Amino acid sequence: MAGLTFHAAGSLRSIGSFKLRSLLRIQGLPTPAFPLILAHDDLGPDLATIWSNAETSPLSPVNEECIDIATSNGQGRVFTVRAAVLRASCDYFNTILQFPEPDSTRVCVEEDAETWESLIAVLEVMDDTTFNFGQSLISSLAAAAMKYEMESTFLCLRRETELQLSNPLWQYALATRFGWETLALAAGTASLDYPIELTPEIVTHLGISHLAQLMNHRQRRIDAFLHEINDGGRFKQENEARCPQKHNYNRTKQRTHDTAWPLLKRSMTVSIMQKPSGTEVLRDMQAVNAVKNARCPHGELLYRWESIERRIFNVVSALPPFDI
Numbered sequence: 230m231a232g233l234t235f236h237a238a239g240s241l242r243s244i245g246s247f248k249l250r251s252l253l254r255i256q257g258l259p260t261p262a263f264p265l266i267l268a269h270d271d272l273g274p275d276l277a278t279i280w281s282n283a284e285t286s287p288l289s290p291v292n293e294e295c296i297d298i299a300t301s302n303g304q305g306r307v308f309t310v311r312a313a314v315l316r317a318s319c320d321y322f323n324t325i326l327q328f329p330e331p332d333s334t335r336v337c338v339e340e341d342a343e344t345w346e347s348l349i350a351v352l353e354v355m356d357d358t359t360f361n362f363g364q365s366l367i368s369s370l371a372a373a374a375m376k377y378e379m380e381s382t383f384l385c386l387r388r389e390t391e392l393q394l395s396n397p398l399w400q401y402a403l404a405t406r407f408g409w410e411t412l413a414l415a416a417g418t419a420s421l422d423y424p425i426e427l428t429p430e431i432v433t434h435l436g437i438s439h440l441a442q443l444m445n446h447r448q449r450r451i452d453a454f455l456h457e458i459n460d461g462g463r464f465k466q467e468n469e470a471r472c473p474q475k476h477n478y479n480r481t482k483q484r485t486h487d488t489a490w491p492l493l494k495r496s497m498t499v500s501i502m503q504k505p506s507g508t509e510v511l512r513d514m515q516a517v518n519a520v521k522n523a524r525c526p527h528g529e530l531l532y533r534w535e536s537i538e539r540r541i542f543n544v545v546s547a548l549p550p551f552d553i
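Residue 361 in the numbering used here sits at position 132 of the sequence shown; the count goes up by one each step and never skips.
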C-alpha cells in the first residue's frame, strides 16, 4: 500500500537533490533554501497516512516552517517533494490537503514505487526537453497524472509521447487512450509503414476498435491504389501495352506481349501491402528500369516513363488520409 507523509526536509538521509526551482518560479512560489530530498527508509509495509504533526509522525522532529510531503509504499521507499509544489501541480492532492483532520490524515494511492518516483522525476526535469522513460512507464505515468489531476505533468508526458518517434504504434495507443486526438492522427499516419504483425504486444494496449481502425485505414489505401493501377484506373494505356505507332495493316496500335509493366505492377502491389504509405512503391529499380527500357516489336519505346512516374505520384498523394 502506498501513501503520503508530511515530514521535514532534513529528517531523512539525503541521496539527491531535486531541481524544482524553475517550477516554483513558474507557479509563483518561494524558492526553498534547503534541498529537496529523494530518500529511502525502511518504514514498513503499512505506511499509508498523511502525518500532520510531530506527535503522530514517525519522522519527527518536524520543522513546521518547511514541511514537505513524502510519498511512501510498502517496499519501504520514500520520495519527498515540497507540499507547495504538490499543491501547485496536483489539484487532487491540493483539495485533500485542505481537508481538516482527520479527513486529511490518511490517503491511500494504488500506484507502485516506480510510478511515484518517476512522477516526481517529471517535476524535477520539468524544464528539460526529454525524460529517460520507457513507453510502458509513460503510459502508467500518464494514467496516474490524469487520475490525480496533475495537469502540467500530464502535458509534459504528452510532449514526451510526441518524441517517441521510433514506434508510432505506441504513440497511437497512448494518444487514443488519453484522448490526444491531434497526436493520434499524426501517429496513425506515421504507423502506416510499421508492421503491426511484428508487434503483437501492441494489441494489449490498443482497444479492438482502435486496432480495427488502423487495419481498415491500411486496407482502404491498398484497395484505392490497386484500383488505380489495374484496369479500372488511370493506366489503361500501360495495361493494354500497345505499340506507340500504327504499324499493322488496319492502322491500329498493335498489342504487345510485354512483361515489364506487369512486373512493375506486381512489385508495386507487394510494396503497397507491406507499406501502405505508398512512399516505396517504386523501390524495385529492376522493375522500374524494365519499364523504362521496354520496346515494342518495332524497336520503339513502349512506355513514357515520366508520365507513368507522375501519375503514380498523383495516385499515392490522393490515397485516403487517416481519420479517427
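Every residue gets a Cβ at the ideal spot worked out from N, C-alpha and C, and that includes glycine.
Keep in mind the model is a prediction, meaning the values are calculated, not measured.
{"Check": "Where R540 sits in the DSSP three-state scheme", "Outcome": "helix"}
{"Check": "C-beta atoms of H439 and T405 nearer than 8 Å", "Outcome": "yes"}
{"Check": "Residue(s) in a DSSP beta bridge with A449", "Outcome": "In the sequence as presented, Ala is not what sits at residue 449; that position holds Arg. None; R449 has no bridge partner."}
{"Check": "A416 to S395 span [Cα, whole Å]", "Outcome": "11 Å"}
{"Check": "Cα-Cα separation, P549 to N445", "Outcome": "11 Å"}
{"Check": "Whole-angstrom C-beta distance between L348 and L370, which should lie under 8 Å", "Outcome": "6 Å"}
{"Check": "Beta-carbon proximity check, L455 vs T418, cutoff 8 Å", "Outcome": "no"}
{"Check": "Span of the alpha helix (DSSP H) around T390", "Outcome": "E380 to E391"}
{"Check": "Close-in-space but distant-in-sequence residues of the same chain around A547 (CB under 6 Å, 5 per side omitted)", "Outcome": "none"}
{"Check": "Beta-carbon gap between V545 and Y532 smaller than 8 Å", "Outcome": "no"}
{"Check": "Separation of G462 from Q503, as counted between CA atoms", "Outcome": "21 Å"}
{"Check": "Buried or exposed (CB count within 10 angstroms, at least 16 for buried), M514", "Outcome": "exposed"}
{"Check": "Cross-strand partners of L530 (DSSP beta bridge)", "Outcome": "R524"}
{"Check": "Secondary structure of R471, DSSP reduced to three states", "Outcome": "strand"}
{"Check": "Spatial distance of L443 from T324 (CA atoms)", "Outcome": "40 Å"}
{"Check": "8 Å Cβ cutoff met for Y423 and E378", "Outcome": "no"}
{"Check": "Same chain, Cβ closer than 6 Å to D535, five either side skipped, listed in chain order", "Outcome": "Looking at the sequence shown, residue 535 is not Asp but Glu. So the list is empty, once near-sequence residues are dropped."}
{"Check": "Reduced DSSP secondary structure (H/G/I, E/B, other) of N459", "Outcome": "coil"}
{"Check": "Separation of D487 from E469, as counted between CA atoms", "Outcome": "9 Å"}
{"Check": "I541 vs L492 beta-carbon contact at 8 Å", "Outcome": "no"}
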